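There are 4 protein chains.
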Amino acid sequence: MTMQAAVFVGKGRIELREVPRPKPGPGEALLRVTLTTICGTDVHILRGEYPVKEGLIIGHEPVGRIEELGDGVTGFSVGQRVIAGAITPCGQCRACLSGSGSQCSHGGNGYEALGGWRFGNTINGSQAEYILVPNAQANLAPIPDDLLDEEVLLCPDIMSTGFSAAERGNVRIGDAVVVFAQGPIGLCATAGARMSGASLVIGVDALPARLALAKRMGADVVLNPNECDVTAEIKRLTGGGADVAIEALGKQVTFENALRSVRPGGTVSSLGVYSGHLTVPLDAYAAGLGDHTIVTTLCPGGKERMRRLMNIVAARRFPFNELVTHTFKLNEIESAYDLFANQRDGVLKIALLP
Amino acid sequence: MTMQAAVFVGKGRIELREVPRPKPGPGEALLRVTLTTICGTDVHILRGEYPVKEGLIIGHEPVGRIEELGDGVTGFSVGQRVIAGAITPCGQCRACLSGSGSQCSHGGNGYEALGGWRFGNTINGSQAEYILVPNAQANLAPIPDDLLDEEVLLCPDIMSTGFSAAERGNVRIGDAVVVFAQGPIGLCATAGARMSGASLVIGVDALPARLALAKRMGADVVLNPNECDVTAEIKRLTGGGADVAIEALGKQVTFENALRSVRPGGTVSSLGVYSGHLTVPLDAYAAGLGDHTIVTTLCPGGKERMRRLMNIVAARRFPFNELVTHTFKLNEIESAYDLFANQRDGVLKIALLP
Amino acid sequence: MTMQAAVFVGKGRIELREVPRPKPGPGEALLRVTLTTICGTDVHILRGEYPVKEGLIIGHEPVGRIEELGDGVTGFSVGQRVIAGAITPCGQCRACLSGSGSQCSHGGNGYEALGGWRFGNTINGSQAEYILVPNAQANLAPIPDDLLDEEVLLCPDIMSTGFSAAERGNVRIGDAVVVFAQGPIGLCATAGARMSGASLVIGVDALPARLALAKRMGADVVLNPNECDVTAEIKRLTGGGADVAIEALGKQVTFENALRSVRPGGTVSSLGVYSGHLTVPLDAYAAGLGDHTIVTTLCPGGKERMRRLMNIVAARRFPFNELVTHTFKLNEIESAYDLFANQRDGVLKIALLP
Amino acid sequence: MTMQAAVFVGKGRIELREVPRPKPGPGEALLRVTLTTICGTDVHILRGEYPVKEGLIIGHEPVGRIEELGDGVTGFSVGQRVIAGAITPCGQCRACLSGSGSQCSHGGNGYEALGGWRFGNTINGSQAEYILVPNAQANLAPIPDDLLDEEVLLCPDIMSTGFSAAERGNVRIGDAVVVFAQGPIGLCATAGARMSGASLVIGVDALPARLALAKRMGADVVLNPNECDVTAEIKRLTGGGADVAIEALGKQVTFENALRSVRPGGTVSSLGVYSGHLTVPLDAYAAGLGDHTIVTTLCPGGKERMRRLMNIVAARRFPFNELVTHTFKLNEIESAYDLFANQRDGVLKIALLP
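Protein chains in written order, with the numbering used here: chain A, 42 to 395; chain B, 42 to 395; chain C, 42 to 395; chain D, 42 to 395.
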């Protein structure tokens, strides 16, 4: 049996191909994908900026139904609606048992940087009609009956990543938090900061449409770097500096502004994927004596994480659905990449229907 | 094939029996047990105070060699020397993925009180020639080459439990910590408090021999309740109350003395198994306004925990081996229980050789 | 010069008296009180259940203007609108420097249980025309210009106490939290749980009017113990138990229900003032092996705490103003106590105008 | 009345001068200095690399006796032996009340980077016969009777800074920790890592004498970068990377090696004062996806901190006294600076006797 899938064929080329439909081995599950999406990381893969092997199926955000369960996977049933996180920790390796599941070593005795990210990276991904979920016992998360597929589409990556910024930044009740960049991840980070008790959430972006949505996602104030001196304005609004600054873009300028925006003793929580060169401005860093904390986070995964995120969706705290701006069929995948990679038409996230 | 095993036959009777030797299923491992021990909990089982089903093999502290690996267990080899913790978290259920592995639900979507304790409780245990380890991928911990079996015998339960008192009590550098009861667990709690940075560790027990060993395990000062007013003396030594008090016996009197020994804002870290009735003295509790914290902990398990504990043994920080006072062969099990249950001859822990 | 003040005259009698108006010593500030309130604790004092010395001025929630500054208090100005917390940590004793400001020893080298609670307890309180604020440098918190006196009336005690339940209970994003009792403190605890990221907040009370307000203060679901088996319903709603249960009444039954409502590994965060006898039900406590945490908290104080709480009011997250149901003049204080002590007319909090 | 003091006269010149002896104002205390020391920071001041105003008395590590108490300082007595930390938090400003006392704003409503460091920076310091201690109530720490002056000399800065690396790095029981540079602060960081429960402490330095002392201060293993590839060796010893790496020098190379030495999910705890340029190597940083944490810390101060550190000295956990290698009289201060600034004769710390 075969299936349709979006395959990385070579630099600049992701194409729809007919490939064999896989069979689940022990501990695995086969899902029929009912919905998935495209991530900025996929665009890096497309452009050859992040290396994957040719022939790999791309995508790491599966929503689907269980088609078949491998040996040893219990407590689930065929036909059940589930999601799996972008990161699929095994739960049984040294990294997972130490609370670093995103750096999972797949049962082993060590840590692998980014080891938990397997879908569309080291194994076949979700932009296909079917997908194999590894370590299914730890990674299949049933969708609550009252939630539609499209409502949980962002849980596997965008919501998990965005919320982790506030969690790892240890946002506390009454904090002032600034979020640099209001793309999909930044918007979820804004919601996460608001949900963590910040009494002042400041959203920063250069696009007015994104700032408008930032307000709906929990920002009390929004700032456009084209219209003001952002760090000066943050210092004014916070009386000296934010408690936590979240970086959600991955550029030197936003990292640096994040550090310049926090008070002595404050925290920079970074989500961005940096390339080239990253420098710490020593003036803003108080020469290393400012009691600063800088944390980075790779999207937490696993079924318990997904259960929690779906519960947040179900609680209707924020209009997460507004982040999905476009819908394509899987066989329109190349058009979808074209739109998304070029950030046309106000695109935030695309729903992709196999 | 059969094997010898200590079986709970009925109230007051644990007997050596010839039973079938098990075969590992998927995800399991069969160990040939080379060393194990008897725990106070086993005595509760013997006496019918803690119910288990008749016919169960007792014991939860296996040291051994891998005899056979079930399907899907990778990265280990037959003949390898390993231990497994008393608690065997699956790593893949909601409880495990939430950091509550001792309350493991075996792959499920909830929590089971004490669910991670399976050996000698809900499945066959270690007082036998062979033992099946469930969720072997998460629970087999290779013994470092430079450690003898007898050196790691206490890792599966006593050390893990004892050390957890300081960890969960959040002992910090410069704290004053008191440990009530200096049995095997209390002695390891004393070592754990010392290792966590306490600048004053106070050991309490009524037996002079145990107090002498407490000093070797890290106590700076020891107190005998038969010789002084313990809580008054603790308040004097600490200038008003300990930061953390560890309860390692499970009695109302020690729980209450622990609470009376801590300063306002202090923490009681409880390891004891209580029966009957447990009351919080409201005077010591400041009527609920003293910013107190009370934590309980069930022995943390899993291979990463075991790896860390064996590393502590290897670092030769404390004379853990002195806690093993007697050695018996498995076919002397009934004598071993008799000695241990009656706490004769200064027994602390017994090494049991299958 | 004299002033009017509500004075504890003896058991059952708080009366308006003409007393000398105080002068601020070094480090103190004199406030002209513009608004204050009555707390449940004041009723305990009235009834002789909590002992204070005769002649003491009652009350611990001052809103006012700076009338005079003692020597050494800098950065404030006469006429400035400020509040001070119910708890006035000195910032300079061992307890304060250890983060236990509510157990402040007033500059000393130890801890005093409840030592930070001075207003209306060990020094004169706020139900008067003027009040002396000790350690003014650490305790005067300027009111933002855009907030009215009545909007910040609950910050000194009710909000600080209520929010601390979620903070000390370590509520995290996606948690299920239940709050037992929806009086003023419980309602603020409900808001605090919601603000801390809980995806399910359950409010429990027997009064329908309070449950209705609970929903406006952040509860997703409300339960009336007269209408259902509360702990069973909580277990059903949470799939096995809440992550955190908050006790906001101070009774054996609510403490016990809180413990019965949490999952293994869960936390009970207690705000209640207990009297008589407090027992831990060992079945719900898993005999001490359930990885439970029990924390108590006394209202955090200090100017930074007050600044943060006023910012939360300013962010308009919840209708805190609805908790103030009645207004009295200071010279009607005896009627105010009568209404409040007997909980007539749906009273929650009373605004008291000197 | 006058006194002798080491005064910064201009770039390259610290000279002994006769200056007026100060009088304590409200909240201050005057100490007669009985012992103090020279810090690497003082050498930066001497060289004009860290700007202070001309005429300032240098030094920030006072051991002495109370000569006179200003108004409002209670609970201390003239003649009492005390120390004060290098950092003197006021305990009453927003920063202090938020737990960021090193970034103290002296009673104010904000944060000042390094604001808690006043001695020998913004006010006169300890290399003098007398010193004024600001916010004395929060900063005078009585020396236990059984400790000599020379035994507590390192508490004000070196010990507090060194230990903070392990505290802020959140070293846990069983961690592997590496400490880059074994000068006085690094040696105390080594002791701090050991005291925090690390089962493997690795000390790194290029000087054999310092490595020998590192072993006495708690290092299990020492590495000399002139003799091996340090990061490769650390990865081998730790099975993939240290849990925590401490940077105690303030150079790009040690910062970078620290980051290269930690496992994915690990922490770099930085104590160094950086100058010039600080770059984060993106390969070691997993492009920002490695779940890394980077923390910096400025020496924690205040009397409670000092009390705790003196208790650690009293507990005789490590031979702190071996870090004091030379003794000079205050009137030999210029020779002392010459020896120390040029790191001759194996100098670690100098005891300076006024």
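From the three backbone atoms N, C-alpha and C, an ideal C-beta is built for every residue, glycine too.
These numbers were taken from a predicted model, which means no experiment stands behind them.
Under 8 Å from the C-beta of D:Q144: neighbouring residues of chain A: R304, P305, G306, G331 and D332
When you compare the CB of D:G343 with every CB in chain C, is at least one pair closer than 8 Å? yes
Output, in chain order, the set of chain D residues within a Cβ distance shorter than 9 Å of C:D112. P67, D112 and G113
Quick check on the DSSP output: the beta strand (DSSP E) that includes C:V138 runs from which residue to which? With the sequence shown as reference, residue 138 of chain C is identified as Leu, and Val is not the correct amino acid for it. It is not in any beta strand (DSSP E) - C:L138 instead sits in the alpha helix (DSSP H) that spans R135 to L138.
Using the DSSP secondary-structure output, state which residues sit across from D:M44 in a beta bridge. D:V60
Are any of the Cβ atoms in chain B nearer than 8 Å to that of A:N352? no
In the DSSP assignment, the beta strand (DSSP E) including B:I226 goes from what residue to what residue? Not the beta strand (DSSP E): B:I226 falls in the alpha helix (DSSP H), residues P225 to M236.
Whole-angstrom distance between B:G233 and B:G81, CA atom to CA atom: 20 Å
Should C:A247 be labelled buried (16 or more other beta-carbon atoms within 10 Å of its own) or exposed? exposed
Report the neighbours of D:L155 on chain A: residues whose CB is nearer than 7 Å to its CB, in chain order. A327 and L330
Across the region 249-263 of chain A and the region 177-194 of chain A, are there enough close Cβ pairs to call them in contact, namely three or more that are closer than 8 Å? no
Residues of the region 311-327 of chain C with a CB closer than 9 Å to any CB of chain B: list them in chain order, please. S311, L312, G313, V314, Y315, S316, G317, H318, L319, T320, V321, P322, L323, Y326 and A327
Could you check the C-alpha separation between A:F204 and A:A230 for me, to the nearest Å? 5 Å
So which residues of chain B does D:S240 contact, with C-beta pairs closer than 8 Å? R349, N352, I353, A355, A356 and R358
Extent of the continuous beta strand (DSSP E) to which C:H367 belongs: V365 to K370
Taking only beta-carbon positions, decide if D:A207 is within less than 8 Å of chain A. no
May I have a chain-ordered list of the beta strand (DSSP E) segments no shorter than 3 residues that lie completely inside the region 318-374 of chain A? 319-321, 334-337 and 365-370
Within 8 Å, strictly: CB atoms of B:G148 and B:Q168: no
N- and C-terminal bounds of the alpha helix (DSSP H) containing D:F296: Q293 to S302
Counting contacts by CB-CB distance shorter than 8 Å, is B:F361 in contact with chain D? no
Using the three-state DSSP reduction, which class does B:Y378 fall into: helix, strand or coil? helix
Would you tell me roughly how many angstroms separate the C-alpha atoms of C:D386 and A:R357, rounded to the nearest one? 35 Å
Buried versus exposed, by CB contacts within 10 Å (16 or more), D:Q178: buried
What residues of chain A sit near B:S139, judged by a beta carbon separation below 7 Å? E345
Rounded to the nearest angstrom, what separates D:V104 and D:D112 at their Cα positions? 22 Å
Hey, which unbroken runs of the beta strand (DSSP E) at 3 residues or more fall wholly within the region 130-202 of chain C? 171-174
For B:D284, three-class secondary structure by DSSP: strand
What is the DSSP secondary structure of B:T78, reduced to helix, strand or coil? coil
Buried/exposed call for D:E95, threshold 16 Cβ in 10 Å: exposed
Please name the residue, chosen from D:D379, D:F361, D:A377 and D:I374, that lies closest to D:S201 on a Cα-to-Cα basis. D:F361
6 Å Cβ shell around D:N165 - same chain, five flanking residues per side excluded: I98
What does D:S237 reach in chain B if we use C-beta pairs closer than 9 Å? R213, I214, M236, S237 and G238
So which of A:A125, A:A136 and A:G227 has the shortest CA-CA distance to A:E288? A:G227
Which of the residues in the region 163-180 of chain D, read from start to end, lie with their CB under 8 Å from any CB of chain C? N176, Q178 and A179
Under 8 Å: do the region 304-318 of chain B and the region 317-329 of chain C share three or more Cβ pairs, one atom per stretch? yes
How big is the Cα-Cα spacing for D:G126 and C:C145? 21 Å
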